[in-house]
Ligand code: DGL
């Protein structure tokens, strides 16, 4: 087992890279181990039991690879599996829901918040509960958006197909008069230009990654495990599906050339 010195991040695929980008920005001295479970994407249509099984296998892998801290870079896993994983693993971990909900509660003025997320996240009710706890009296409008993750994983982000899907998903939230939209899936920040085009300038967008990485940083500092000396960390990327395709799409979306992406098989696909 390697010495625990990295931050482990995982998602069903490319979406968690939007959280990894936040880690590179806010805590650049930290080494990242990323796992994209592309053999099982999309997570949004999976059962609770399946999602818990994936999270369990991935956490075991990340800890064995030397993770000292885990960021759930996936809202679906944060909503469904985080509580159970905290009881199974000693490694400290954080999810996106509480920090994201608190950030949206700080932003709204008219107390109408929209959430777009996967079916499993919406079904869990996690965002509704967390936002209402952070901002009593708020109205929360949740919309499942199942077509979006497959579009990202197929590299079809800036397309008429994506725009049409987004217009369908966002119309009821616009009609409800929201002033804040929480992007409750880490794949969705790739659509921000299109979302802004559809919603215009008056609806604020909240990406939970920003508040989550800030909270993770504070938590690591409090625990005395934050990397304080600036270094040039070597990040590691793993996927359960096609590594070449993942690296190509990652470069396209983030403008970042990933170091060698390795394929590992943790569970049967
Ligand atoms: N990006 C993940 C999330 O934040 C998972 C999406 C999916 O695979 O359906 O929920």
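Residue numbers (the working numbering): 450 to 718.
From the three backbone atoms N, C-alpha and C, an ideal C-beta is built for every residue, glycine too.
Query raised in the report: Residues in its own chain within less than 6 Å of residue 527 by CB, not counting five upstream and five downstream?
Result: Around residue 527: 521, 544, 545, 546.
Query raised in the report: With which residues is residue 460 paired in a DSSP beta bridge?
Result: 485
Query - Buried or exposed by the 16-neighbour rule on C-beta atoms within 10 Å, applied to residue 516 - result: buried
Report task. Report the option in 484, 664, 649, 688 whose CA atom is closest to the CA atom of residue 549. Result -> 664
Requested in this report: Say yes only if the C-beta of residue 491 is nearer than 7 Å to one or more non-hydrogen atoms of the ligand GDP, and no if none qualify.
Outcome: Looking for the ligand GDP in the displayed structure turns up nothing; the ligands present are the ligand DGL.
Report task. Starting from the Cα of residue 596, find the closest Cα among 456, 566, 513 and give me that residue. Result -> Proximity to residue 596 across 456, 566, 513 peaks at 566, based on C-alpha coordinates.
Query raised in the report: Do the CB positions of residue 491 and residue 564 come within less than 8 Å of each other?
Result: no
Query raised in the report: Can you list, in chain order, the residues of its chain whose CB lies under 8 Å from that of residue 580, leaving out five sequence neighbours each side?
Result: 550, 553, 554, 562, 564, 587, 589, 631
Report task. Keeping to the same chain, check which residues put their C-beta closer than 8 Å to that of residue 537; ignore five residues upstream and five downstream. Result -> 505, 508
Report task. Can you have a look at residue 651 and say buried or exposed, based on whether 16 or more other CB atoms are within 10 angstroms of its CB? Result -> By the 10 Å Cβ count, residue 651 comes out exposed.
Report task. Under 7 Å Cβ to Cβ from residue 696, same chain only, skipping five residues before and after it: list those, please. Result -> 707, 710
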